[in-house]
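Worksheet: the structure to be examined is printed underneath.
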Amino acid sequence: MKRDSSLWTGMYKAERPALSSLWRLAAEILGFLCLILLGAVAILGLKCYKCSPCPENWFWYGEVCYHFSTEWKTWQGSKDYCISHSSKLLQIESKEELGFITPLSSSLWIGLTSKATNRSWIWDDGTTLSTDLFQVNERDYVGDCVVLKDGEVHPYDSPLPKYLQSWHICRVLALGTSESEAVFQLPTTACLSSAAAVTAEP
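Residue numbers (the UniProt record's numbering): 1 to 202.
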């Protein structure tokens, strides 16, 4: 029995270095795979950063990209600016979006104008404003173009005097959303005949 026990102990001691080497090899392989995965994650993260669904310096909210202007313009100047950036003046399509925009609306042109014939309010894509969304404050009506100011919607003429020029928001669907590559319909509105953009601050 002593001889057999010694033989077993010797075999165990002989196998232990082999097992240790296998575990070390497995650990090295797993570590190498982890490094590969970390590298892949870093590369994908970089690609996702470069492939943002919105253009540079635009804000992403929901399925929409927004650009907040840093210059004061007329309604027409604002509209032209948005078109030149493959977008359109802000068109509010839900109460959720209205709630997002309202705190930012110190004075902003939006893509809403009036048909002089029946005083209906039309978005740039030709759809009629839903009164369930909001109503234009016409108590002090002075024009056919609309400013979102301090949470209220007011009609003004464009071009405006310098002291009534406004900022604006451009809006476009984020990449990857439905119809994001569609060409927006260029509207014919009561404001298209207004003067060229005036970009000087008041």
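Virtual Cβ for every residue (Gly too), placed ideally from N, Cα, C.
Proximal residues to residue i (C-beta, below 8 Å), its chain only, five neighbours per side dropped
i, result
"T128", "S120, W121 and I122"
"C65", "P53, C54, P55, W58, F59, S87, R171, V172, L173 and A174"
"F134", "I92, L98 and V153"
Buried or exposed (CB count within 10 angstroms, at least 16 for buried), residue i
i, result
"H154", "buried"
"T74", "buried"
"I101", "buried"
"G143", "buried"
"L148", "buried"
"S78", "buried"
"L108", "buried"
"A112", "It is Leu, not Ala, that sits at residue 112 in the sequence shown. It is buried - the Cβ of L112 has at least 16 other Cβ atoms within 10 Å."
Proximity winner among the options, relative to residue i (alpha-carbon distances)
i, options, result
"E93", "G143, R24 and S130", "S130"
"D80", "D132, F134 and I110", "I110"
"K95", "C82, W167 and G151", "G151"
"L90", "G62, D124 and I29", "D124"
"G126", "N137, S114, D132 and S78", "S114"
"S106", "C82, R139 and W72", "W72"
Own chain residues within Cβ distance below 6 Å of residue i, not counting five before or after
i, result
"S69", "W167 and H168"
"H67", "W58 and C170"
Residues of its chain near residue i, where Cβ-Cβ distance is below 7 Å and the 5 sequence neighbours each way are ignored
i, result
"H85", "H67 and C170"
"V136", "W121, V146, V153 and P155"
"P103", "none"
"A42", "Only weak support is given to the placement of A42: the predicted model assigns it a pLDDT of 44, under 50, and the question is left unresolved by the model."
heavy atom of the ligand NAD below 7 Å from residue i C-beta
i, result
"S21", "This structure simply doesn't include the ligand NAD, nor any ligand for that matter."
For residue i: DSSP bridge partner residues
i, result
"C65", "W60 and V172"
"S114", "W121"
"H154", "V147"
"L108", "L148 and W167"
"T128", "I122"
"L89", "C170"
"K79", "Bridge partners of K79: none, in fact."
Cutoff 8 Å: residue i Cβ touching any chain D Cβ
i, result
"W123", "You won't find chain D in this structure, because it holds only one protein chain."
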